[in-house]
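Structure, as structure tokens:
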Amino acid sequence: MTQWAIGDLQGCHQEFELLLQRLDFTPGRDVLWLAGDLVNRGPGSLECLRLVKSLGDDARVVLGNHDLHLLAVAEGFSRHKRSDTLTPILEAPDREELLDWLRRQPLMVDALVGNRRTVMSHAGVLPSWTLDQAAGYAREAHAVLAGDDYRGFLGEMYGNTPDRWQEDLEGTPRLRCIVNVFTRMRFLHSDGRLDFAAKEGLDSAPEGSRPWFQYPRPEGAWDDSPRLLFGHWAALEGEAPAARQDVEALDTGCVWGGGLTALNLETEERVFEPALISR
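Going left to right, the sequence shown walks through residues 57 to 335 as our numbering numbers them.
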């Protein structure tokens, strides 16, 4: 069995299929880790969603901000933007089956690969959290999104406040902060505040901020040399500069004309499939 981790698909279905061919990926033998944002902006969002769903337990998926946007649009809580490519999903005969499957995906995957703890979320993990804390917070939000009352949260999910994590947060503000960390985080200020405005490369860092992965972690927070996989930040081009060696950036901007990258979780080999069209 080979386990591959792949960054944001964002509807790049043709490149995804070509990459799977290049990897000789075989369902039932191999496993894919997919770092969220399966859909949107690219032309094959419906096909990506159907393909990943069809893999069943051979795919480990986390939710990204574009996946949540799809769910919110489908329920009428967010506007369909000009750049969105979600209409084929919303008009598909298997729409409800696909959306129900999507909302039941977690915000964080945590598993052993060989003897090494490997964690994946779309945007990363707040550096002040231990991995066990992060897993607990991810479960809190997952329980709501996968539950019967998910529409109530989707209707209040959007917003930039609270912009700093505090353990005593409750209700919707607590859930919104958790979801924002796992799906939208890039830069953090020194006091722990999330910056939601800057979305480009490291040179776009607002004054007094750094990428989340450049902050120190609490003593003992990440014992036993775990590895953290994340996507979301195409401008990094698959690099997390000045991060510890246990952080792997996977988003190489296929939808922006870059490509898809697959990381072999056993050998650290990276396989790159270039975008077919420069967008």
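By construction, the Cβ of each residue, glycine as well, lies at the ideal position given by its N, Cα and C atoms.
Leaving out five residues on either side along the sequence, give the residues of the same chain with a beta carbon under 7 Å from the beta carbon of residue i.
i             : result
aspartate 219 : Arg249, Leu250
alanine 191   : Met164, Asp166
Go through its chain and collect everything with a Cβ distance to residue i's Cβ below 8 Å, but skip five positions before and after it.
i             : result
glycine 84    : Asp114
proline 229   : Thr217, Pro218
aspartate 302 : Trp278, Ser281, Pro282, Arg283, Leu284
arginine 135  : Val129
alanine 148   : Leu102, Leu154
Could you give the residue range of the beta strand (DSSP E) that holds residue i?
i             : result
glycine 227   : Run containing glycine 227: none in the beta strand (DSSP E); it sits in the alpha helix (DSSP H), 227-240.
tryptophan 60 : 59-62
histidine 198 : Per DSSP, histidine 198 belongs to no beta strand (DSSP E); it is in the alpha helix (DSSP H), 187-201.
leucine 163   : Where leucine 163 is concerned, there is no enclosing beta strand (DSSP E), given that its DSSP letter is neither H nor E.
Skipping 5 residues on each side, what residues in its chain have a beta carbon closer than 6 Å to that of residue i?
i             : result
proline 237   : A quick correction: the sequence has valine, not proline, at residue 237. Answer for valine 237: Leu182, listed in chain order.
glycine 120   : Gly92, Asp93, His178, Thr239
glutamate 256 : Ala291
Please check the pair residue i and residue j, which I expect to be a contact at CB under 8 Å, by giving their CB distance rounded to whole angstroms.
i            : j              : result
alanine 127  : arginine 159   : Position check: residue 127 holds leucine in this sequence, whereas alanine was assumed. Indeed they touch by this definition, with Cβ atoms about 5 Å apart.
arginine 242 : tryptophan 268 : 7 Å
leucine 70   : leucine 306    : Checking the displayed sequence, the identity of residue 70 turns out to be glutamine instead of leucine. Wrong, their Cβ atoms sit about 19 Å apart, outside the cutoff.
glycine 63   : threonine 317  : 6 Å
proline 144  : leucine 102    : 4 Å
valine 95    : glutamine 66   : 7 Å
valine 117   : leucine 146    : With a Cβ gap of about 20 Å, valine 117 and leucine 146 do not count as contacting.
leucine 111  : leucine 88     : 7 Å
Strictly by DSSP, which residues pair up with residue i?
i             : result
aspartate 224 : DSSP, once it has assigned bridges, lists no residue as partnering aspartate 224.
arginine 326  : Leu319
With residue i as the anchor, note down where its alpha helix (DSSP H) starts and where it stops.
i            : result
leucine 158  : 151-159
tyrosine 173 : Per the sequence shown, residue 173 should be read as arginine rather than tyrosine. From DSSP, arginine 173 is part of no alpha helix (DSSP H) but of the beta strand (DSSP E) over 172-177.
leucine 306  : That residue, leucine 306, is in no alpha helix (DSSP H); it is neither H nor E in DSSP.
leucine 284  : Note, leucine 284: premise wrong, no alpha helix (DSSP H); beta strand (DSSP E) at 283-286.
tyrosine 206 : 206-210
- request: At 4 residues or longer, and completely inside the segment 79-145: list those alpha helix (DSSP H) runs for me, N to C.
  value: 101-110, 121-130
- request: Tell me the start and end of each unbroken beta strand (DSSP E) in the segment 244-275 that is at least 3 residues and wholly inside, in chain order.
  value: 265-267
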